[in-house]
Amino acid sequence: MAPSFQLSIVVAARNDNYGGDFNQRLSRSILWNASLLEEWQVATEYVIVNWNPDTNKPTLHSAISWPVNLNYVQFRIIEVSETLHKKQVKRHSLKPANVLEFIAKNVGIRRARGHAILCTNADVQLSDDAIRYIAKTPLEDQVLYRAIRLDIDQKPERAPKRCITRWFLQGSTIRTPRYWPYAIQYVYAHLLAALKRLYYKNAPDWYYVPSISRAEKVLFDYPFNASGDFALMTKSSWVKLGGYREDCIISTHVDSLHLVDCLRSDMRVELFAGAYVYHQEHARRYSFDSPSEEMHFMYNLLCKTITSHIMGEAKDKKLEDQDEWGMSDEQLESVYV
43 MAPSFQLSIV
53 VAARNDNYGG
63 DFNQRLSRSI
73 LWNASLLEEW
83 QVATEYVIVN
93 WNPDTNKPTL
103 HSAISWPVNL
113 NYVQFRIIEV
123 SETLHKKQVK
133 RHSLKPANVL
143 EFIAKNVGIR
153 RARGHAILCT
163 NADVQLSDDA
173 IRYIAKTPLE
183 DQVLYRAIRL
193 DIDQKPERAP
203 KRCITRWFLQ
213 GSTIRTPRYW
223 PYAIQYVYAH
233 LLAALKRLYY
243 KNAPDWYYVP
253 SISRAEKVLF
263 DYPFNASGDF
273 ALMTKSSWVK
283 LGGYREDCII
293 STHVDSLHLV
303 DCLRSDMRVE
313 LFAGAYVYHQ
323 EHARRYSFDS
333 PSEEMHFMYN
343 LLCKTITSHI
353 MGEAKDKKLE
363 DQDEWGMSDE
373 QLESVYV
């Protein structure tokens, strides 16, 4: 009889030490999250999709520090080979990249065994409040649960809450000095975000200060910002939606498109009030400070999709060509740690 899991956590990874310290960040995340899940006694399947592994480097299994003596958490590694990776790039006409993040997450979603599935990133540390909410709250179908991301510049001897550098709030990303007390950071970040929302939602188009489009104003109404760091739904809801989009040229904004697709499918979006997730800062492949042509394309696609939602168009056409999402036509092996 298969184990019964309350939760499956799905992350994408590769053994290339992305950013120069990926192995350390993943190890820290795994040890932290497993400890809290054990504390709250959440029966959890922790699914790591090892995408397109580099055969010239140590395996992911050997490069990571794994927790021991666990009663509630089981780790499962699903490997997607280089051959299958190239097949997906060709199938979806994607820009070549070492990891196809959201196809990898779809692979995990398809094969996850938990009642609910949390898609997050490999270097995200969940807060105690977020896990307590999962442990104690009956999760409903047709609901996307979100939590706010906080960036941290973590030192090993300091708790994540004392290392915050950025707040990814609804419609705004606010930087705060890490040496400020938490209470001051909280008030400053939320007040500034509220003021920005008040202005951009209400400034008329003719006003001399730059305004934003109708579609962009929707970004202030829902927790789009960094939504890929915490996307929680029941397994049946993920299956009904069809996972993440797989035909996007790069991964940027695919998480936000997922949130729009939830809205277009008449799902409710609910924010875990006061519950955060901590993302460990690192060097990035794409920078929003100097967006590429592909990033502009994806942002325009997001705005176009939001507009179609506003206009009530194309509710049933999102995944018409994605029947085999999550590589459901492939047999993939799992290794249990």
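Each residue of the sequence shown is one higher than the last, beginning at 43 in the numbering used here.
Even for Gly, the Cβ is constructed at its ideal location relative to N, Cα and C.
N-terminal and C-terminal residue of the alpha helix (DSSP H) that residue i is part of
i	result
E258	256-260
Y230	224-244
M369	Neither: M369 is in no alpha helix (DSSP H) and is coded neither H nor E.
M353	Taken as a continuous stretch (DSSP letters only), M353 belongs to no alpha helix (DSSP H), as it is neither H nor E.
S104	102-105
Opposing strand residues paired with residue i [DSSP bridges]
i	result
W209	L192, I216
R310	V185
T276	A158
N267	Partner(s): none; N267 has no beta bridge.
V89	V52, R118
Secondary structure of residue i, DSSP reduced to three states
i	result
H321	strand
I291	coil
L160	strand
G61	helix
Y84	Note that residue 84 is Val in the sequence shown, not Tyr. Three-state DSSP puts V84 in coil, outside helix and strand.
G284	coil
A449	Here the chain comprises residues numbered 43 to 379, so residue 449 is not present and cannot be evaluated.
A315	strand
Y341	helix
K178	helix
D303	helix
K346	helix
D297	helix
A76	helix
S334	coil
P202	helix
V66	Looking at the sequence shown, residue 66 is not Val but Gln. If DSSP states are grouped into helix, strand and coil, Q66 belongs with the helices.
K99	coil
N148	helix
Y221	coil
M43	Caution is warranted here: a pLDDT of 39 is assigned to M43, below 50, making its placement in the model unreliable, and the coordinate value is therefore given only provisionally. Here M43 sits in coil by DSSP.
Extent of the continuous beta strand (DSSP E) run through residue i
i	result
F47	47-55
V166	166-168
Y378	376-378
Cβ-Cβ distance between residue i and residue j below 9 Å
i	j	result
Q322	Q167	yes
A189	D297	no
H157	L186	no
R152	M369	yes
T86	V110	no
H127	N163	no
D371	H134	no
R220	N140	no
L234	Y264	no
H351	R310	no
E121	E366	no
S279	Q184	yes
N65	I106	yes
T97	E124	yes
Y378	D171	no
N59	Q83	no
L299	T347	yes
K259	K243	yes
Q212	F262	yes
R191	Y341	no
S293	L142	yes
L160	A273	yes
I119	V91	yes
F210	A268	yes
Cβ-heavy atom distance, residue i to the ligand GDP, below 8 Å
i	result
S279	This structure simply doesn't include the ligand GDP, nor any ligand for that matter.
**OP:** Within the region 107-144, note down every full beta strand (DSSP E) run reaching 3 residues or more, in order along the chain.
**Re:** 115-122
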